[in-house]
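S.K.:
Residue numbers (this note's numbering): 13 to 98.
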């Protein structure tokens, strides 16, 4: 009963925030192309930053975090007048 209640609350939250919630089978990245593409962009950009500034590998987590922060605040579509963060 408690699990169903939490799921109902979650569905209500998604509806209020206009979030499209989808389920995918585990370990099947082919079904989730949008997320896979975004992950690839994060990884490639982080690698480029590490290489450009000759940073050691232990900066990997901080670099990925920085890339994510920047990409969430950059306009990717000119017609929305909002950043992904908004």
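Even glycine gets a Cβ: it sits at the ideal position worked out from N, Cα and C. Just so you know, these numbers come straight off a predicted model, no measurement behind them.
Would you decide whether residue 13 is buried or exposed? Buried here means 16 or more other CB atoms lie within 10 Å of its CB.
M.R.: The pLDDT assigned to residue 13 is 42, lower than 50, so where the model puts this residue is not dependable; a value taken from the coordinates is nonetheless given after this. Residue 13 comes out exposed.
S.K.: Where does residue 18 fall in DSSP's three states?
M.R.: Note: residue 18 maps to helix in three-state DSSP.
S.K.: Tell me whether the beta-carbon of residue 61 lies closer than 8 Å to the beta-carbon of residue 79.
M.R.: Going by C-beta atoms, residue 61 is nearer than 8 Å to residue 79.
S.K.: Taking its Cβ as the centre, do 16 or more other Cβ atoms sit within 10 Å of residue 178, making it buried, or is it exposed?
M.R.: Absent from the model: residue 178. The displayed extent of the chain is 13 to 98, so no value can be given.
S.K.: Assuming residue 83 and residue 75 make a contact with CB atoms under 8 Å, what is their CB distance in whole Å?
M.R.: No, residue 83 and residue 75 are not in contact; Cβ-Cβ is about 12 Å, not under 8 Å.
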